[in-house]
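Asker: Encoded as structure tokens, here's the structure I'll be asking about.
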């Protein structure tokens with residue numbers, strides 16, 4: 001159970017071309033973000049122990065902050081759903097899905 005929890009809450013570190021995963025890290029405070037296929041927050045994983053989160057637009061008071069769980073939202077819905085289930089253990093039910 002611990003391995004799956006770590007996998008679901010880890011952030012990948014990719015090479016400069018974003019084609020090869022070179023490692024991952026778990027950032028405890030960052031684990032509170034939920035997923036959305038049209039997120040309002042973008043994650044930036046830098047070299048080293050830094051992850052930065054930047055809002056994509058104005059955030060209304062009380063609005064949930066969400067990130068995209070993956071590299072890019074251009075996947076087909078069926079591919080995205082399969083990847084989210086395999087890697088994060090949930091069926092996405094956001095507006096885009």
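Residue numbers (full-length UniProt numbering): 1 to 97. Every residue, glycine too, gets a C-beta built ideally from N, C-alpha and C. Keep in mind the model is a prediction, meaning the values are calculated, not measured.
(1) Are at least three pairs of beta-carbons, each pair with one atom in the segment 50–61 and one in the segment 80–89, less than 8 Å apart?
(2) Which runs of the beta strand (DSSP E), 3 residues or longer, sit entirely within the segment 7–82?
(3) What does a CB cutoff of less than 6 Å around residue 62 pick up in its chain, not counting 5 residues either side in sequence?
(4) Just to confirm, are residue 26 and residue 36 a CB contact at a threshold of 7 Å?
(5) Between the Cα of residue 91 and the Cα atoms of 15, 34 and 29, which residue gives the shortest distance?
Answerer: Looking at the atomic coordinates:
(1) no
(2) 10–14, 21–26, 41–45 and 51–55
(3) Here residue 62 is taken as the residue at index 62 of the chain shown, counted from 1. Once the five neighbours on either side are set aside, residue 62 has no close Cβ partner at all.
(4) Taking the first residue of the chain shown as position 1, residue 26 is located at position 26. Taking the first residue of the chain shown as position 1, residue 36 is located at position 36. Cβ atoms of residue 26 and residue 36: not closer than 7 Å.
(5) Taking the first residue of the chain shown as position 1, residue 91 is located at position 91. When only C-alpha atoms are compared, the closest one is 34.
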